[in-house]
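Following full-length UniProt numbering, the numbering of the sequence shown begins with 1 at its first residue and continues without gaps. Quick reminder that beta carbons are idealized off the backbone N, C-alpha and C, glycines included. Quick caveat: nothing in here was measured; it's all calculated off a predicted structure. One structure is given here, and the rest of the page talks about it.
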Amino acid sequence: MRNGVGTSADGTRAVFAISAAPVTFWEFGRLFRDGLGLPDALYLDGSVSRLHAPSIGRSDRGVRMGPIVGVLGE
């Protein structure tokens with residue numbers, strides 16, 4: 001599992017991504033660069049990451065932790 005965050009060149013947009021299946025670092029990096037057009041990205045440690053997003057039908061199991069990154073509004 002991989003997850004990370006990328007930013008747009010002008011710094012106005014941040015995009016978070018998390019894989020549903022194992023991917024290589026190369027594939028994950030290309031997602032940000034080629035697929036999303038984001039020049040800068042940061043890999044976040046995938047082994048402890050969880051996503052709780054009922055609106056997309058995802059609530060990962062695992063050790064309960066508090067949010068490290070949260071979105072309160074757009």
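Who are the Cβ neighbours of residue i in its own chain at under 6 Å, not counting the five residues just before and after it?
i      : result
Ala-9  : Pro-39
Ser-49 : Asn-3
Use the C-beta contact count for residue i: other C-beta atoms within 10 angstroms, 16 or more gives buried, fewer gives exposed.
i      : result
Arg-2  : buried
Leu-31 : buried
Spell out whether any CB of chain B is found under 8 Å from the CB atom of residue i.
i      : result
Pro-39 : Of the chains in the structure shown, none is chain B; there is only one protein chain.
Near residue i, what residues of its chain come up, given a Cβ to Cβ distance below 7 Å and the 5 sequence neighbours on each side ignored?
i      : result
Leu-51 : Ile-18, Arg-58, Asp-60
To the nearest whole angstrom, what separates the beta carbons of residue i and residue j, a pair I think is in contact under 8 Å?
i      : j     : result
Phe-28 : Gly-6 : Between Gly-6 and Phe-28 the Cβ distance is about 10 Å, and since that is not below 8 Å, they are no contact.
Using a Cβ-Cβ cut-off of 8 Å (strictly less than) and excluding sequence neighbours within five positions of residue i, which residues of its own chain qualify?
i      : result
Ala-53 : Ser-59
Leu-42 : Gly-4, Val-5, Gly-6
Thinking just about the alpha-carbon of each residue, which of the options is nearest to the one in residue i?
i      : options                        : result
Leu-36 : Ser-55, Phe-16, Gly-73, Leu-44 : Phe-16
Ile-56 : Ala-20, Thr-12, Gly-11, Ala-14 : Ala-20
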